[in-house]
Amino acid sequence: MAGFSAPLAARSPRGPLVSPVLPSHPAGAPAGRHPPGPAAIAEGAAIVLGPLFAQEAEAVAPVAGPAGVPVLAFTTDPAQARPGLWVLGFLPEPPVRRVVAAARAAGAERFAALVPENAYGRLVLDAYRRAVAEAGGVLVRQEIYPGGNPAPAVRRLANYEARRGPIDAQIRAARALGTAEGRRRAAQLQREARVPPPDFDTLLLADGGEQLRAVAALLPFYDIDNPPVRILGTPLMAAMPDAGREPALVGAWYAAPDDQRRTAFEARYREAYGRVPPIVAGVAFDAAAIAVTLATEPGGPDLSPAALTQPQGFAGALGILRLMPDGTNRRGLSLMEVRRDGAIVIEPAPDRFDERVF
Numbered sequence: 001m002a003g004f005s006a007p008l009a010a011r012s013p014r015g016p017l018v019s020p021v022l023p024s025h026p027a028g029a030p031a032g033r034h035p036p037g038p039a040a041i042a043e044g045a046a047i048v049l050g051p052l053f054a055q056e057a058e059a060v061a062p063v064a065g066p067a068g069v070p071v072l073a074f075t076t077d078p079a080q081a082r083p084g085l086w087v088l089g090f091l092p093e094p095p096v097r098r099v100v101a102a103a104r105a106a107g108a109e110r111f112a113a114l115v116p117e118n119a120y121g122r123l124v125l126d127a128y129r130r131a132v133a134e135a136g137g138v139l140v141r142q143e144i145y146p147g148g149n150p151a152p153a154v155r156r157l158a159n160y161e162a163r164r165g166p167i168d169a170q171i172r173a174a175r176a177l178g179t180a181e182g183r184r185r186a187a188q189l190q191r192e193a194r195v196p197p198p199d200f201d202t203l204l205l206a207d208g209g210e211q212l213r214a215v216a217a218l219l220p221f222y223d224i225d226n227p228p229v230r231i232l233g234t235p236l237m238a239a240m241p242d243a244g245r246e247p248a249l250v251g252a253w254y255a256a257p258d259d260q261r262r263t264a265f266e267a268r269y270r271e272a273y274g275r276v277p278p279i280v281a282g283v284a285f286d287a288a289a290i291a292v293t294l295a296t297e298p299g300g301p302d303l304s305p306a307a308l309t310q311p312q313g314f315a316g317a318l319g320i321l322r323l324m325p326d327g328t329n330r331r332g333l334s335l336m337e338v339r340r341d342g343a344i345v346i347e348p349a350p351d352r353f354d355e356r357v358f
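Each step along the sequence shown adds one to the number in the numbering used here, with nothing skipped, and position 275 is 275.
As structure tokens, then:
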């Protein structure tokens, strides 16, 4: 990431206007052991970029806050977000808001969630609850499953016994007649009776990789079919180019950064640095772009909270980006749909922020 420091060394009479704070602890040492942020502030930095780890962001906050120095942190930990310290990493909430808004626009009303029992699953579920409520939907069911054993949670989510029960009762009654007609009727019910759909029309799955495949394979077994139930995913689906090989995931929606912009950014990075950019490179570019944009305003540098949280946002490496007053961020994301042979863009990433979605 050192390659991003040079364009950030803008100077003002008060000292370094923009100070990149990159991991400085020795290899193997705990992150945040020697945080450089306070030193940068003491030297007169007007804005601090790049606390990478949550511990580093937490260490710099007590110094930056009282000094009125904004911090653009690269961490993905939303717990570090606060007024004056912005978390620029990719957060669970923006893609969740994007897919929920799209589902509501398509007529979805009743939502359900099936998430893993881990930190990411809890963050996604919290974001989903908020997004559904803000969009005017109703969250009717939610289940959390431990790693490696999703079946009981899927069964509970499906409310399978209640939905299947009336059919099984008819089959038992037909068999109890003890007649050829009763046996014929029971066999017909077994073949043709359809379990009613679940009491939700949209289901969020917050897993990826083989665990997502395992969860998805259970859905039709418990008569959660797509359609009529629309499956929503997280950006973890973007890392599964062959997700469409699982029939239950065909037609699923998820949100991800604009693919063309991502490809263009990766090409520019390779040309400049001779290697594939790490995941954090786009976030670092965004921080640099925001800082340089505001530091070079025609009327002079303006790094005030009002300027940083301007409603129109900024042009980032992977699309538009907006800093929120609470320290979180919003991003312009494409809406993707899983197909058998790959994912396609069904709604391109927006080029401006719309309060109805963001």
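From the three backbone atoms N, C-alpha and C, an ideal C-beta is built for every residue, glycine too.
Since residue i is in the alpha helix (DSSP H), which residue starts that stretch and which ends it?
i      : result
Phe53  : From DSSP, Phe53 is part of no alpha helix (DSSP H); its letter is neither H nor E.
Leu212 : Gly209 to Phe221
Val99  : Glu93 to Ala105
Exposed or buried, what is residue i when buried is set at 16 or more other beta-carbons lying within 10 Å of its beta-carbon?
i      : result
Gly316 : buried
Asn149 : exposed
Ala57  : buried
Leu177 : exposed
Arg322 : buried
Arg268 : exposed
Ser334 : buried
Thr263 : exposed
Gly68  : exposed
Ala29  : Any reading at Ala29 needs caution, since the residue's pLDDT is 41, under 50, leaving its predicted position unreliable; the model's value is listed next. Burial call: exposed.
Thr296 : exposed
Asp258 : buried
Ala239 : exposed
Gly327 : buried
Gly342 : exposed
Ala193 : exposed
Val276 : exposed
Thr234 : buried
Ala288 : buried
Gly274 : exposed
Pro325 : exposed
Gly147 : exposed
Have a look at residue i and residue j and give me their C-alpha separation to the nearest angstrom.
i      : j      : result
Gln190 : Arg164 : 11 Å
Arg141 : Ala162 : 14 Å
Thr309 : Pro92  : 20 Å
Gly300 : Gly244 : 51 Å
Val229 : Glu109 : 11 Å
Tyr222 : Val96  : 25 Å
Thr76  : Val87  : 7 Å
Glu271 : Ile144 : 44 Å
Val124 : Ala81  : 16 Å
Asp242 : Ala248 : 13 Å
Arg98  : Ala255 : 6 Å
Ala27  : Phe90  : Residue placement at Ala27 is poorly supported in this model, since its pLDDT is 38, which falls under 50; the coordinates still yield a value, given next. If I take the Cα positions, the gap works out to 25 Å.
Ala61  : Arg130 : 27 Å
Met336 : Leu49  : 31 Å
Ala206 : Leu114 : 7 Å
Ala392 : Ala186 : This structure cannot settle anything about residue 392, because the visible part of the chain is limited to 1 through 358.
Ala39  : Pro298 : 29 Å
Pro227 : Glu43  : 60 Å
Asp225 : Glu181 : 32 Å
Pro66  : Leu157 : 48 Å
Val63  : Leu212 : 42 Å
Tell me the residue span of the beta strand (DSSP E) that contains residue i.
i      : result
Ala45  : Looking at the DSSP string, Ala45 is not in any beta strand (DSSP E), and its letter there is neither H nor E.
Asp116 : With the sequence shown as reference, residue 116 is identified as Pro, and Asp is not the correct amino acid for it. From DSSP, the beta strand (DSSP E) with Pro116 extends over Arg110 to Pro116.
Arg339 : Ser334 to Arg339
Leu205 : Thr202 to Leu205
Val87  : Leu85 to Val87
Ile224 : It is not in any beta strand (DSSP E) - Ile224 carries neither H nor E in the DSSP assignment.
Val69  : Careful: Val69 lies outside any beta strand (DSSP E) and carries neither H nor E.
Glu347 : Gly342 to Glu347
Could you tell me how far apart the beta carbons of residue i and residue j are, in whole angstroms, since I believe they sit closer than 8 Å?
i      : j      : result
Asp199 : Asn159 : 7 Å
Leu232 : Gly282 : Actually they do not touch by this definition, with Cβ atoms about 24 Å apart.
Leu139 : Phe111 : 5 Å
Ile320 : Asp286 : About 10 Å separates the two Cβ atoms, so there is no contact after all.
Leu252 : Val338 : Note on residue identity: the sequence assigns Ala, not Leu, to residue 252. Contact flag correct, Cβ pair sits at about 4 Å.
Val280 : Leu52  : 7 Å
Ala151 : Leu218 : 6 Å
Ala46  : Leu303 : 5 Å
Ala102 : Glu347 : 7 Å
Arg104 : Ala135 : 4 Å
Ala291 : Leu72  : 7 Å
Pro94  : Arg330 : 5 Å
Arg183 : Arg172 : That pair is no contact at about 12 Å.
Arg340 : Val250 : 6 Å
Can you confirm whether residue i, when its beta carbon is compared against all beta carbons of chain D, has any partner nearer than 9 Å?
i      : result
Glu192 : No chain D appears in this structure, which consists of one protein chain only.
List, from N- to C-terminal side, the beta strand (DSSP E) runs of 3 residues or more that fit wholly inside the stretch 302–330. Runs of the beta strand (DSSP E) inside the stretch 302–330: 314–316 and 319–323.
Hey, which unbroken runs of the alpha helix (DSSP H) at 4 residues or more fall wholly within the stretch 126–189? Unbroken alpha helix (DSSP H) runs of no fewer than 4 residues, entirely contained in the stretch 126–189, are found at 151–158 and 160–176, following chain order.
Please give me, in chain order, every unbroken run of the beta strand (DSSP E) with length at least 3 that falls completely inside the stretch 232–289. Every unbroken stretch of the beta strand (DSSP E) spanning 3 or more residues and falling wholly within the stretch 232–289 is given here in chain order: 253–256.
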